[in-house]
Structures are given as C-alpha cells and as structure tokens.
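In case it helps, my numbering puts the sequence shown at residues 650 to 878. Beta carbons: idealized from backbone N, C-alpha and C, even for Gly. Model, not experiment: these values are computed from the prediction. Here's the structure we're looking at; comments come further down.
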Amino acid sequence: MALILLCSCIEHPFVNRMKSRRLNKETHTIDSGQGNKDADSFRILQILEEVAEGRPVTQRDLSKKLGIGLGMVNSYLKRLAQQGYIQIGHAGKRRLYYLLTPVGIAEKSLLTYRYIIKSYQVFSDARERIGNFFAELEREGVKSIVLYKATVIAEISLLALQNSSLDLVAIVDDTGAGKRFLGYRIQPVEALQVLSFDKLLITSEDPIEKVSGHLEQYGVKRERLCSLK
C-alpha cells in the first residue's frame with residue numbers, strides 16, 4: 650500500500666517554536682548532542698507517523714506539530730530520504746510526495762518501542778519519587794491526604810498510594826467535578842470545607858502560593874498544603 654505525504658518544496662527558514670518544555674533552544678540543529686538525541690528521535694518518529702497516516706500534510710503542518718522551523722522540517726525529510734526511510738516523488742509543480750518504505754516501517758516500529766520504554770522509565774522514576782514523598786509524610790505522622798487537580802501526577806500518585814498507609818480522602822478539581830478518575834469521583838474544590846484530612850497535595854503546576862490564596866476561602870490553611878516541587 651502506498652503511504653503518501655504531500656508537502657511543499659518551498660523552504661522558508663522560520664523562527665523555531667517550542668511546543669513543550671522538553672524541547673529547548675539547543676535542539677535547533679539535528680544531532681547537536683547527546684542531550685538532544687531523545688528529542689531528535691521523537692521528531693523522526695512523529696514525521697514517520699505522519700507519513701504512515703497516508704493523508705496530505707504540508708511542511709507547515711509538520712512545523713506546527715513538531716514545534717520547529719520549516720527549514721528544519723525540510724532537513725529532516727531530506728535526511729529520512731537519504732537513510733532510505735521514505736521515498737520522494739513529484740506530485741506537480743513545487744510539490745513532493747513521500748512514501749514510507751519497508752525500512753521506514755521497521756524504523757518507525759523500533760522508535761515506537763524505544764519511546765515506550767523511555768516513557769515507562771520516566772513514569773517509573775516519577776512513581777518512585779512520589780512514593781518516597783508519601784513515606785516522608787507518613788514519618789511526619791500524616792494519615793490522610795487530598796489530591797488537588799486530576800492530572801497525570803494525580804494518576805501516578807494514586808498508583809504510589811497503593812504502597813502507602815496514607816488514606817486518600819478525595820480528589821478535588823472544579824474542572825472535572827462529578828467525573829470519574831481512575832475509580833474515584835472528582836469532587837468540587839468547595840468540598841474541602843467539609844472534608845477531614847491532614848494534608849493536601851498539589852498535583853498541578855500551580856505554585857503553592859497561588860493555590861494557597863485560592864483555597865483560603867475554603868478554610869484550608871497554608872501549612873496543610875504540600876507540593877512535589
């Protein structure tokens with residue numbers, strides 16, 4: 650089956666745009682160092698996945714998705730073609746199409762596997778860190794906690810709590826109030842006024858000072874708040 654990606658041949662150097670914190674300014678060049686190899690491999694995986702979708706995608710689309718300039722997108726596509734992962738063909742004036750080769754399919758599978766392993770390692774490290782944090786709370790005499798915000802960190806915290814004596818009283822989050830979250834029903838923040846707990850763990854990126862100011866109206870004092878930061 651032909652897997653096709655249509656894109657413009659026109660090259661326009663763009664100011665590099667970062668779409669996440671894990672991609673920093675040092676990634677403006679391909680293979681610029683050991684610290685950027687993960688980001689480089691992830692970008693290649695994203696491009697190969699876009700080609701595998703079999704739908705027309707422009708270089709501008711890839712630029713936005715990957716958070717890099719058009720010139721760098723063009724460099725990646727040329728490199729992938731040179732490595733035999735994709736084949737280049739002409740689809741009219743100033744237009745190209747890309748076919749994912751058998752070698753490219755194999756490379757995509759390998760990069761996917763490596764990405765999953767890397768993601769699991771990050772997840773495992775986060776779970777261990779949160780578990781150690783809960784152990785510290787236990788040593789301090791804390792018996793029960795509330796999780797503030799239904800986030801990825803909250804998900805990992807729930808798993809870490811399985812190996813802890815801490816009692817989870819509730820997960821509060823006005824955004825998802827009433828919804829189910831890994832078997833727990835999310836409660837509105839105002840429920841803190843009637844809940845009995847020792848500590849509230851902030852599982853969002855919000856600074857503790859900001860959360861403290863918001864929760865004061867619900868009778869939650871600053872000393873009851875804790876953060877992983």
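| Assigned exposure category for Gln708 - 16 Cβ within 10 Å defines buried | Residue burial is scored here from C-beta neighbours: Gln708 has at least 16 other C-beta atoms within 10 angstroms and is therefore classed as buried.
| query | Taking the Cβ atom as the reference point for each residue, do Ser793 and Leu815 lie within a distance shorter than 8 Å? | reply | Closer than 8 Å, so yes.
| C-alpha gap between Asp774 and Lys870, whole angstroms | Between the alpha carbons of Asp774 and Lys870 lies a gap of roughly 31 Å.
| field | Asp710, enclosing alpha helix (DSSP H) - first and last residue | value | DSSP places Asp710 in the uninterrupted alpha helix (DSSP H) bounded by 708-715.
| task | Might you give, ordered along the chain, the residues of its own chain that have their beta carbon closer than 6 Å to the beta carbon of Leu729, omitting 5 neighbours on each side? | result | Its chain contains Ile735 as the residues whose beta carbon lies nearer than 6 Å to that of Leu729, once the 5 sequence neighbours on both sides are disregarded; these appear in chain order.
| task | Please report how far the alpha carbon of Ile717 lies from the alpha carbon of Leu760, in whole angstroms. | result | For Ile717 and Leu760, the distance between alpha carbons rounds to 20 Å.
| Gly832 by DSSP, collapsed to three states: which one? | Note: Gly832 maps to coil in three-state DSSP.
| message | If you measure between the beta carbons of Val821 and Ala803, is that distance less than 8 Å? | response | Val821 is not a Cβ neighbour of Ala803, given a cutoff of 8 Å.
| Range covered by the alpha helix (DSSP H) that runs through Tyr595 | The structure shown does not extend to residue 595, since the chain is modelled only from 650 through 878, so no value can be given for it.
| task | For Leu711, I'd like the list of residues in its chain whose CB is within less than 6 Å of its CB, leaving aside the five on either flank, ordered along the chain. | result | Excluding sequence neighbours, Leu711 sits near Val722.
| Roughly how many angstroms lie between the CA atoms of Arg763 and Thr800, to the nearest whole one? | CA-to-CA, the gap between Arg763 and Thr800 works out to about 25 Å.
| task | Locate the beta strand (DSSP E) running through Lys848, then write down its first and last residues. | result | Note, Lys848: beta strand (DSSP E), 848-851.
| What is the residue span of the alpha helix (DSSP H) that Gly720 lies within? | Per DSSP, the unbroken alpha helix (DSSP H) holding Gly720 starts and ends at 719-731.
| request: Identify the continuous alpha helix (DSSP H) that holds Ser861 and give its terminal residues. | output: Per DSSP, the unbroken alpha helix (DSSP H) holding Ser861 starts and ends at 857-864.
| message | On a Cα-Cα basis, can you pick out the residue from Asp689, Ile835, Gly790, Thr750 that is closest to Ala701? | response | Comparing Cα positions, the closest option is Thr750.
| request: Can you say whether Ile805 is buried or exposed, counting buried as having 16 or more other CB atoms within 10 angstroms of its CB? | output: Its Cβ being crowded by 16 or more others within 10 Å, Ile805 is buried.
| request: Compute the Euclidean distance between the alpha carbons of Gly780 and Ile851, then round it to the nearest angstrom. | output: Approximately 15 Å between the Cα atoms of the pair.
| Under the three-state DSSP convention, the category Tyr867 falls into | Residue state for Tyr867 is assigned as helix, using DSSP reduced to three classes.
| message | For the ligand NAD, I want to know if Gly790 counts as a neighbour, meaning its beta carbon is within less than 7 Å of at least one of the ligand's heavy atoms. | response | Here there are no bound small molecules, and the ligand NAD is not part of this structure.
| task | Would you mind stating whether Gln836 and Gly868 have Cβ atoms separated by less than 8 Å? | result | Gly868 is positioned such that its CB atom lies no closer than 8 Å to that of Gln836.
| Counted within 10 angstroms of its Cβ, other Cβ atoms place Arg692 as buried (16 or more) or exposed | Label assigned to Arg692: buried.
| query | Which partner residues of Ile737 appear in the DSSP bridge assignment? | reply | Ile737 pairs with Tyr747.
| field | Reduced DSSP category for Ser876 - H, G, I as helix; E, B as strand; rest coil | value | Strand at Ser876.
| Taking the alpha-carbon positions, what's the Cys875 to Gln770 distance? | The C-alpha of Gln770 is placed about 25 Å away from the C-alpha of Cys875.
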